[in-house]
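> Going by our numbering, 377 is the number at position 395 of the sequence shown; the sequence numbering is gapless. Yeah, the Cβ is synthetic: ideal placement off N, Cα and C, and Gly gets one too. Bear in mind the structure is a predicted one, so any value in this text is a computation, not a measurement. One structure, pasted below without further comment.
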Amino acid sequence: MLRVSTVTVWKSFQRRLHSKHSRYLLKWLTGNIVQKAWRSSGIQTTKSREHVTPVFTKALGYKDKVAIIDETGQHSYSCLYHSSRGLAAQINQALTCRLGYLQNKRISFLCANDASYTVAQWATWMCGGTAVPLYRKHPVSELEYIITDSESSLLLAGEPYTDTLEPLAKKLGLPCLHLPPTANLHALHKAESHCQPEEETTCDWAKRPAMIIYTSGTTGRPKGVLHTHGSLQAMGPHASCCQTSVLRRLMVSGSAALPQTVLEHWKEITGHILLERYGMTEIGMALSNPLNGQRIPGDTAVYKDKVYWIMGRTSVDIIKSGGYKISALDVERHLLAHPDIADVAVIGAPDSTWGQKVVAVVQMKNGKTITLSELKAWAREHMSPYTIPTGLIMVEEMPRNQMGKVNKKDLLWQFFPH
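Pasting the structure below:
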């Protein structure tokens, strides 16, 4: 067990918490604690690691050991490696470049949640490219946006998604390669013969781009977040260092508010009381004592029966439904593209199951009408499933204030007074 004595140091820090150097001192202290923890566990940190190479270079060291078990069966490290090499050869041929010389060109791929995902990712890295994974539940318009925004040079389609990506590839003028069924990934081994012999790499991959992962688009269009090979590999030591034993595990409910009925029913079934987590996902939890001072996160709470009930953020443009954070502005942007909708305001109505539900207050053009089922059918072709409105309210004219703005809080009180 790691023992780090910080009592004396921390007491001296507390006396200087309001100084301009306190943040730097705290960062130095906590950073040293984590560094010592990793060193004592035999895990290398990013700074101590001299050379970073892609994860696939270590695959042959495990050869026939099982790497992944999915619905189609077991896949060894050796099979994944050689399948990836075969696919990499096809990518090289399609983009007319040598193995490893793709110069960080982006490759978007849409695969099932199985071994084919790993093969597509490794093959991209073997070519020297940057992987851009696509989400299977996104509508075609969203997939097109990500492919275009990332400036992808080639598409990889897993077996279930060839009909989805092929029309997009033709529309965007991009080559599209089809992966074999996951159970037959070994069919890619034949193409490996067209690969040049793998060169011994001496370069450090730490700062080379590895993946671009797109956000959910809570406050607008999804944004690409770039990860390097170094940042991805740094997650491994962190997970190993912070791993807890089974006895320390808790049953936790997070994101969406936990209904009282679910809490009570869960206790009846398991005998355990769920811990309702409240924290900031974006920055994690506090490592040590917080700095003095008042912080206003923008959340609303109600004090009732000697208990603080956290109601959530006061922003009406962020809807929390079933654990998803949904941008009302983004939903409005999609719905306004409907040919018969003149104006729309999207609000988050209270819902006992999902916390909130997406409700569209709609003003139609020229007296036209639309049903909720018709709106959903149209939206499925343009929007992610969890953002599609589950409620529809028709108004003759959208209520606006003297500034010409829609007061969504007033709409909530008007249509959902309780």
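Thinking just about the alpha-carbon of each residue, which of Asp325, Val341, Thr130 and Val326 is nearest to the one in Pro332?
Stepping through the sequence shown from its first residue, residue 332 is reached at position 350. Of the listed residues, the one whose Cα sits closest to Pro332 is Val341.
> Would you kindly check if the distance between the Cβ of Ser309 and the Cβ of Gly202 is under 8 Å?
One-based indexing of the sequence shown puts residue 202 at position 220. One-based indexing of the sequence shown puts residue 309 at position 327. Yes, they are a contact pair.
> Grab the span of the alpha helix (DSSP H) containing Cys61 for me, first residue to last.
The residue given as residue 61 occupies position 79 in the sequence shown. That run of the alpha helix (DSSP H) goes Tyr59 to Leu77.
> Kindly indicate which three-state DSSP category Met380 falls into: helix, strand or coil?
Here residue 380 refers to the residue found at position 398 of the sequence shown. Residue state, collapsed to three classes: coil.
> Measure from the C-beta of Lys347 to each C-beta in chain D and report whether the shortest distance is under 8 Å.
Any reference to chain D falls outside this structure, which holds one protein chain only.
> Can you tell me the Cα-Cα spacing of Ala19 and Asp312, whole angstroms?
Residue 19 sits at position 37 when you count from the first residue of the sequence shown. Residue 312 sits at position 330 when you count from the first residue of the sequence shown. A caution first: Ala19 carries a pLDDT of 47, below 50, which makes its placement in the model unreliable, though a value can still be read off. Roughly 44 Å between the two C-alpha positions.
> With a 10 Å radius around its C-beta and 16 neighbouring C-beta atoms as the bar for buried, classify Gln242 as buried or exposed.
Locating residue 242 in the sequence shown gives position 260, where the first residue counts as 1. Label assigned to Gln242: exposed.
> Taking 8 Å as the threshold (C-beta atoms), are Leu136 and Ala76 in contact?
Here residue 76 refers to the residue found at position 94 when the sequence shown is read from its first residue. Here residue 136 refers to the residue found at position 154 when the sequence shown is read from its first residue. Their beta carbons are under 8 Å apart, which means Ala76 touches Leu136 by this criterion.
> Compare the C-alpha of Met108 against each of Leu69, Val343, Tyr368 and His316 and name the closest.
Within the sequence shown, numbered from 1, the residue matching residue 108 stands at position 126. Here the closest residue by C-alpha is Leu69.
> Are the CB atoms of Leu167 and Ser58 nearer to each other than 8 Å?
Taking the sequence shown and counting its residues from 1, the one referred to as residue 167 is at position 185. Taking the sequence shown and counting its residues from 1, the one referred to as residue 58 is at position 76. Cβ atoms of Leu167 and Ser58: not closer than 8 Å.
> By the DSSP assignment, the beta strand (DSSP E) with Leu214 in it spans what residues?
Looking up residue 214 in the sequence shown gives position 232. Premise fails: Leu214 lies in the alpha helix (DSSP H), His211 to Cys224, not in any beta strand (DSSP E).
> Measuring only the C-alpha atoms, how far is Glu363 from Pro149?
Here the question's residue 363 lines up with position 381 in the sequence shown. Here the question's residue 149 lines up with position 167 in the sequence shown. When rounded, the distance between both Cα atoms is 14 Å.
> Only counting runs of 4 or more residues, tell me where the alpha helix (DSSP H) segments fall wholly within the segment 297 to 337, in order along the chain.
If we require 4 residues or more, the alpha helix (DSSP H) runs fully inside the segment 297 to 337 come out as 310 to 317.
> Going by other Cβ atoms of all chains shown within 10 Å of its Cβ, with 16 needed for buried, is Thr335 buried or exposed?
If you number the sequence shown from 1, residue 335 lands on position 353. By the neighbour-count rule (16 or more Cβ atoms within 10 Å), Thr335 is not buried but exposed.
> Would you mind reading off the limits of the alpha helix (DSSP H) that contains Asp186?
Here residue 186 refers to the residue found at position 204 when the sequence shown is read from its first residue. From DSSP, Asp186 is part of no alpha helix (DSSP H); its letter is neither H nor E.
> Inspect the beta-carbon positions of Tyr368 and Ser303 and report whether they are closer than 8 Å.
Position 386 of the sequence shown, counted from the start, is the residue given in the question as residue 368. Position 321 of the sequence shown, counted from the start, is the residue given in the question as residue 303. Yes. Within cutoff.
> According to the neighbour-count rule (16 or more other Cβ atoms, all chains shown, within 10 Å of its Cβ), is Ser30 buried or exposed?
The sequence position of residue 30 within the sequence shown is 48, counting from 1. The pLDDT assigned to Ser30 is 47, lower than 50, so where the model puts this residue is not dependable; a value taken from the coordinates is nonetheless given after this. Exposed, because fewer than 16 other Cβ atoms sit within 10 Å of the Cβ of Ser30.
> Once DSSP output is grouped into helix, strand and coil, what is the label at Glu258?
Here residue 258 is taken as the residue at index 276 of the sequence shown, counted from 1. Reduced to three states, the DSSP call for Glu258 is strand.
> Can we say the segment 353 to 362 touches the segment 387 to 395, given the rule of at least three CB pairs closer than 8 Å?
No: fewer than three Cβ pairs fall under 8 Å.
> Tell whether a beta-carbon distance below 8 Å holds between Val344 and Ile323.
The residue you call residue 344 lines up with position 362 of the sequence shown. The residue you call residue 323 lines up with position 341 of the sequence shown. Taking 8 Å as the Cβ cut-off, Val344 and Ile323 qualify as a contacting pair.
> Could you tell me which residues DSSP puts in a beta bridge with Cys158?
Along the sequence shown, read from residue 1 onward, the residue named residue 158 stands at position 176. Bridge partners of Cys158: Leu137.
> Quick check on this structure: which residue in His33, Cys61, Gly337 and Leu92 has the alpha carbon closest to the alpha carbon of Val122?
Locating residue 122 in the sequence shown gives position 140, where the first residue counts as 1. Among His33, Cys61, Gly337 and Leu92, the Cα nearest to that of Val122 is on Leu92.
> What residue range does the alpha helix (DSSP H) around Ala105 cover?
Against the sequence shown, residue 105 aligns to sequence position 123. Taken as a continuous stretch (DSSP letters only), the alpha helix (DSSP H) holding Ala105 covers Ala97 to Met108.
> Please report the residue range of the beta strand (DSSP E) in which Lys196 lies.
As a first step, residue 196 is located in the sequence shown; it is residue number 214 there, counting from the start. Before going on, a small fix: residue 196 reads as Tyr here, not Lys. Its beta strand (DSSP E) spans residues Pro191 to Tyr196.
> What residue range does the beta strand (DSSP E) around Asp46 cover?
Taking the first residue of the sequence shown as position 1, residue 46 is located at position 64. Run containing Asp46: none; DSSP gives neither H nor E here.
> My output table needs one value for Thr164: the three-state DSSP class, helix, strand or coil.
Walking along the sequence shown from the start, residue 164 turns up at place 182. DSSP places Thr164 in helix when its eight states are reduced to three.
> In three-state terms, what does DSSP make of Phe38?
Locating residue 38 in the sequence shown gives position 56, counting from the first residue. Three-state result, Phe38: helix.
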